[in-house]
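Data block below; observations after.
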Ligand code: NAD
């Protein structure tokens, strides 16, 4: 891994989050990273943390082994067709573009290329992404391990069949927005009950963070953790009763399902 050189075509928000995560966790040295972007300020950002900004996509490809395609989805094909003549067996192409299929990547990059499609989410920006990947072209387990190792430094990544990526989009891709809405609503409830807004926001966000950690660290079923919090005739079961009356579970399930269907429509 330490000898792999990493390139970014598109040096925007996601590329920066990934690059900083890889460097901070020591999975790749800044001097072994290349990045390009038509916007000079973005290249300067990459220069500021020690990577090598270059002037074109082809230079990123010739300098790197693992190439992140981190442009907006509509530019992915154009970029891949541009660099296609320079792709070699040593390259692993990792596309993080939403909705761009392995088949589209293969059509643009050509046969015999190692292709990995990743669906990250916005908490990548704070090193806590929940991501999924699928492999295409000539990619094999060694490419999966490589991408796993890289994404372990910015959160968690799981391998799925490509047909499940829409469901991943509906759950973890869109999920941060559901949780932001939930945190805002919890805070509103706190303010409605007399808390100052800033304290209500902090308590709501920290409650979500702590609860998520309990799920991940204890491995206990969410129902069991919920039961542990509900004493007979207590405060929490009174709150839970209101959530159940409002159909909260069905609303979350429907949200994930609707977003999955929309992702399928857009693919
Ligand atoms: P961004 O706009 O911050 O970054 C894209 C960068 O690509 C820009 O800096 C732009 O100047 C550059 N660019 C445009 N044309 C280019 C070209 N021809 N060659 C090289 N660079 C070019 O966008 P982002 O939020 O970082 O998203 C990047 C990709 O990540 C998108 O495809 C998006 O679907 C995917 N993604 C983003 C998120 C997210 O939460 N932001 C989540 C999942 C997936």
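In this note's numbering, the protein residues as written are 1357 to 1623.
Glycine residues also receive a C-beta, built at the ideal position from the N, C-alpha and C atoms.
Just so we're clear, the structure is a prediction, and the values are computed from it rather than from any experiment.
Residue i and residue j: beta carbons closer than 8 Å?
i: residue 1376; j: residue 1405; result: yes
i: residue 1616; j: residue 1498; result: no
i: residue 1407; j: residue 1386; result: yes
i: residue 1390; j: residue 1422; result: no
i: residue 1556; j: residue 1547; result: yes
i: residue 1332; j: residue 1452; result: With the chain represented from 1357 up to 1623, any question about residue 1332 goes unanswered, as that position is not in the structure.
i: residue 1481; j: residue 1614; result: no
i: residue 1483; j: residue 1511; result: yes
i: residue 1398; j: residue 1367; result: yes
i: residue 1527; j: residue 1612; result: yes
i: residue 1465; j: residue 1443; result: yes
Quick one: residues in its chain with C-beta nearer than 7 Å to the C-beta of residue i, no 5 flanking neighbours on either side, listed in chain order?
i: residue 1623; result: 1455, 1457, 1522
i: residue 1420; result: 1361, 1362, 1363, 1390
i: residue 1494; result: 1468, 1469, 1470
Excluding sequence positions up to five away, which residues of its chain have a Cβ less than 8 Å from the Cβ of residue i?
i: residue 1539; result: 1557, 1560, 1561, 1564
i: residue 1401; result: 1367, 1372
i: residue 1578; result: 1571
i: residue 1378; result: 1362, 1384, 1389, 1506, 1509, 1510
So the candidates are the options; which of them puts its Cα closest to the Cα of residue i?
i: residue 1597; options: 1611, 1582, 1610; result: 1582
i: residue 1477; options: 1445, 1525, 1431; result: 1525
i: residue 1392; options: 1379, 1488, 1545, 1414; result: 1414
i: residue 1448; options: 1429, 1427, 1503; result: 1503
i: residue 1337; options: 1531, 1608, 1530, 1479; result: No answer is possible for residue 1337: the residues shown for the chain start at 1357 and end at 1623.
i: residue 1450; options: 1506, 1529, 1530; result: 1506
i: residue 1516; options: 1621, 1537, 1487; result: 1487
i: residue 1518; options: 1460, 1612, 1578; result: 1460
i: residue 1365; options: 1381, 1431, 1359; result: 1431
For residue i, which three-state DSSP category applies?
i: residue 1476; result: coil
i: residue 1488; result: strand
i: residue 1441; result: helix
i: residue 1433; result: helix
i: residue 1448; result: strand
i: residue 1535; result: helix
i: residue 1314; result: Absent from the model: residue 1314. The displayed extent of the chain is 1357 to 1623, so no value can be given.
i: residue 1519; result: helix
i: residue 1551; result: coil
Are there any heavy atoms of the ligand ZN lying less than 7 Å away from the beta-carbon of residue i, as far as the coordinates show?
i: residue 1371; result: No copy of the ligand ZN appears in this structure; the ligands present are the ligand NAD.
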